[in-house]
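Protein chains in written order, with the working numbering: chain R, 1 to 654; chain P, 1 to 654.
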């Protein structure tokens, strides 16, 4: 049916022209021929089927319609173009460790997707969608044979819905995008100092006083769990205790370690209010609340947070100090360990396995506990040695605003985890990227997750050897566009935000600047000390993509276009910035960008004319350009990069 | 409280720097001072209130939050920033002729909105939202006193949901945008040859066989009616009969004038299948169906279409010809008139007033009939003389792809309607823009409606004297951006469509071209003879804005930037177009654009240097540029305009 010419490693496939796959499959063999995708394209489910698969196929067709603009009218097709064949539905719920493998054979006459489970078939459909490109005479898929399965069984994204409110639609569209890059866990951070985001019928003051009306109803939660299940994604809830719990105390101050009335926290940071781990009433409350939540979230794993506990109130409370003495508890760490064990017992009764951040790791934990590490592979290696399973989140903090290449370079099995034996290695289940949202609103969150998340998804799914950064970036560009059709707004919201900055005027000059900058790393924003949940996130720093889309390897033609655009932009920008508080802070950046354009143009002239470059000129320009690396208005000029490179190559030619 | 300095006419207001209002109010007096809009901004309803007003205020606040990015926390405010005061709710449903007036007084210390009805208050809130702009130190509203009421009581938009399917979300977001420019009628074209789009429980084969699954459930309809009511918008349904009804016959062929089995029509045009007006069973069917629909659509007006009836099947049917003879009906026009009267009787029983297109105007119609004219003011004048009320749609066909200025120049009371006396003039209720969607999909429809619809809305609302085209265009630019925050996707869908054209590569060069072109008028597309409902609308012509956003009065700096961008673009465009069927047809356009850039740059050089221009050069360039006016790939180069103007001014300087 198709000729196997030669087998390319995943990395070689990536280097070929053609469709960009992310994550790269375990094995892909390109073949001769193209399969045309037109209005008679049709998917047939052969043999075994279930409602989840059928819904998946419908979504696939409708997504293809969005991407291509083709009105598919399958009733006119005479034969199936894509046949989907599964052996079995697999587990009814998305389940840790279920078989997600698939095989996809595409030739010019048709395509055949075979998978042992429905989830595997969904993964194969996601691959198929990435293969579609416009060709010389219409949309097409190049013939290929793919054999694929994941490296890690736990590939997650944590979304913080507490610091800024994230409506159900945000969760939905991100689940769609997650499924498209084969992620399989949504870790939903549902409570923190700044908000308790789930409706409790048993303790309604949690959401009534702790959320300012922004919470998920139980119906919302059931809908999201179901939506995720349909896409082969588990939903793991996190209720962060005993710290990070101020919002709980607004309605139930008796849970707190210090007396007083509590307000929702509006600042960012680590705060003193902490659950009182010494009162039996605390556990009675948790027992009832977690029983309610355990039903709402059917996944067997349940996250209790446990990070960053301040013990100020514990130390200040004579009762708590007394309790420690009476119970032979030696200090706050042991007190938290006691709390964890009590909570774990409660969860056990609900049939749940406990997950916590690094800090929960302490003596007496049940052996099935999962440790999620924000500290590094060292923690995971230690946990594994003690028999615990682990997840890596260190290095995958999307809110830190680092380049995709940085995250891509972090491997759950690197560092201290590199030399673990097979048994211990198997305890490292995978990883989760974390989207904390102190500096992120619903409007900007998609752009903080995507496309960088896709690179991390590849780290979790593809074979360990797949690690070429240039290949990743070459594919990330088209994948970022593919993601648009899943509904995430990482690019769609850019235009309106530029229009906002331009105050209703044509935003062209703002776009030129915004395209050429990147937000500073998060520490810089923290250091400004002015952020709270009341501060609008409507500035250039919020609008700019975390990683500029400036071309990574521009040729001289592209550079000249870029540089002249920058050079000409400042005059237009200044007109817009007049009397506009949103743009004023960016005026020095715009000026620097114009200067970079001018330097770049001159450098290009030297390079292309072959005329000798005065040595001082290069030195001076390098000094000027390096001076522009300093952040202004919490953004950096990514535009420095290509100009500096050009100056370097000029210098090396001397 | 505020000083009345001087009264400016609406037109003068528009010419001032500052916020752009559209439609312009009847009276607006700018005052000294600014009202700051920040996170403590708060709206209070004073005195009378109702759920519709409360929901309107909530929407207003949440829309302001979207636009500004400000997280409003009104509970922290000490005093109201905006007080809304209504005398009375007004009619519970949006009602033809209800009082929509309001008065809005804004000073630096607060704002006061007074209206006799809830609908008037909603209109005032829409005005307030348009006044908000970013100022030197934050968002603000300049102090102003506004007195306002509509010119016409019927200000509508017709949306065709038959030729291409328009999901409920499309209707919702367009209702929001309509409300923001004070439109008050959604005319919903629900059935045509290509689809029957409403669920009938009485005759379910209408939607089962006539819609390919794309129809509004009765719950959807109730939701839309309610959604519109909340925004002061009436919903008038249209079921087009006796022509344009092929989709009805797929499930109920016995209604047709010719025997046979029927399929949903996939082509565009006027077709022969027509309801049989001679069988009593037809009226029994209509009686039951319209009784069902009359309940679903509570507005007292009901549209029966009645346009473009082909009588081929009537002429071919011996039974129908026989009927004409027996009943003394003289030909097809009279037969349709008979049909109309019978339908009108049925509607009367349901308490409905009939509306139809020009063609329904015939002897024997009830005096309350409303004539909607696609033919022109002449029809309306004639109808008014006969005692009928009328609506103008001639000149407001959005699918024709004409500039906003063209539509803006058409007035319901111009032409033959100009010299009507007061009594007859009062019979012309207003107008409706029409969005027919043969060449428009859900993805492109918002860009075909907005922002041009806003200019037509001004025609319907503002005083007759408001007709300065330059002022309209100056305001349309920011209003188009304001509309983004209402949720319509006329701009948001542009980026993804450009990305589609670029096949997943960075779409910059495609954007430069698309920004500089406009789709041809509809006749050109019709003449290609290749369109059906199966043809994808995914090309450059579908992506481009109906009216290019190129600056209307660019200065030389802006022109130089534009021209050099065009000049440099072609090389980059060619790289993208390689092997991409979507871009290939646009290569000659891109080449012409580059040539225009080069000519423009040279013309600028001549102008700015003051050097003498060779006479032949100007002539040659004008010939070249004029040659580029010809459409290619169904688009025209809007870029010709500024270059031609520059050459003209060079020529005039000689």
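Quick reminder that beta carbons are idealized off the backbone N, C-alpha and C, glycines included. Every value quoted in this text rests on a predicted model; they were computed, and no experiment measured them.
In the structure shown, the three-state DSSP call for residue 539 (chain R) is coil. Taking all protein chains in view, the Cβ of residue 557 (chain R) is surrounded by fewer than 16 other Cβ atoms within 10 Å, so the residue is classified as exposed.
In the assembly as shown, residue 449 (chain R) is a buried residue. Its beta-carbon has 16 or more other beta-carbons within 10 Å.
C-alpha of residue 291 (chain P) to C-alpha of residue 94 (chain P): approximately 21 Å in a straight line. Along the stretch 66 to 90 of chain R, the positions whose C-beta sits under 9 Å from a C-beta of chain P are 66, 67, 68, 69, 70, 71, 73, 75 and 76, read in chain order. Closer than 9 Å to the CB of residue 579 (chain P) there is at least one CB belonging to chain R.
Comparing alpha carbon positions, the residue from R:505, R:535 and R:354 closest to residue 579 (chain R) is R:505. One finds 579, 580 and 581 in chain R with Cβ atoms closer than 8 Å to the Cβ of residue 135 (chain P), taken in chain order. Under the Cβ criterion of 9 Å, residue 537 (chain P) is counted among the residues facing chain R.
Scanning R:637, R:560 and R:587 for the CA closest to the CA of residue 646 (chain R) turns up R:560. Between the alpha carbons of residue 380 (chain P) and residue 387 (chain P) lies a gap of roughly 10 Å. The beta carbon of residue 367 (chain P) is closer than 8 Å to those of 387 and 388 in its chain, skipping five residues each way along the sequence.
Interface with chain R (9 Å Cβ-Cβ cutoff): residue 202 (chain P) is excluded. Below 8 Å, enough C-beta pairs join the stretch 505 to 517 of chain P and the stretch 532 to 545 of chain P to call them touching: three or more.
Taking 9 Å as the CB threshold, residue 349 (chain R) stays off the interface with chain P.
Residues 87 and 99 of the same chain have their beta carbon placed closer than 6 Å to that of residue 116 (chain R), with the five preceding and five following residues left out of the count.
By DSSP's assignment, residue 435 (chain P) forms a beta bridge with P:159. For a cut-off of 8 Å, the C-beta gap from residue 549 (chain P) to residue 496 (chain R) is around 15 Å, too long to register as a contact. The C-beta of residue 499 (chain P) comes closer than 9 Å to at least one C-beta of chain R. Not flagged as an interface residue toward chain R: residue 617 (chain P), since no C-beta distance is shorter than 9 Å.
For residue 293 (chain R), there is no enclosing beta strand (DSSP E); the residue is found in the alpha helix (DSSP H) stretching over 280 to 296. A contact between stretches requires three or more CB pairs, one per stretch, nearer than 8 Å, and the stretch 151 to 161 of chain P meets this requirement with the stretch 177 to 194 of chain P. Annotation: residue 540 (chain R) has no Cβ neighbours in chain P at a cutoff of 9 Å; minimum Cβ distance is about 12 Å.
Annotation: residue 106 (chain P) is outside any alpha helix (DSSP H); the continuous beta strand (DSSP E) that includes it extends over 102 to 107. Residue contact check for residue 569 (chain R) against chain P: a CB pair falls below 9 Å. A direct Cα-to-Cα measurement between residue 119 (chain R) and residue 205 (chain R) gives close to 39 Å. Neighbours of residue 503 (chain P) in chain R, taken as residues whose beta carbon is under 7 Å from its own, are 133 and 134 in chain order. Annotation: residue 374 (chain R) to residue 393 (chain R) spans about 5 Å, alpha carbon to alpha carbon. Minimum Cα-Cα distance from residue 460 (chain P) among the listed residues P:150, P:440 and P:414 corresponds to P:150. Nearest CB-CB separation between residue 491 (chain P) and chain R: below the 9 Å threshold. Cβ-Cβ distances below 7 Å link residue 420 (chain P) to 381 and 384 in the same chain, with the five nearest sequence neighbours on each side left out; the list follows chain order. In this structure, residue 67 (chain P) places its C-beta atom within 9 Å of the C-beta atom of residue 129 (chain P). Between residue 439 (chain P) and residue 399 (chain P), the C-beta gap is smaller than 9 Å, which places the two residues in contact.
At a cut-off of 4 residues, the continuous stretches assigned as alpha helix (DSSP H) that sit fully inside the stretch 520 to 604 of chain R are 522 to 527, 540 to 543, 556 to 577 and 581 to 584.
Interface annotation for the stretch 33 to 44 of chain P against chain R: 39, criterion Cβ-Cβ distance under 7 Å.
Within its own chain, the residues whose Cβ lies closer than 6 Å to the Cβ of residue 25 (chain R), once the five positions on either side in sequence are excluded, are 146 and 148, listed in chain order.
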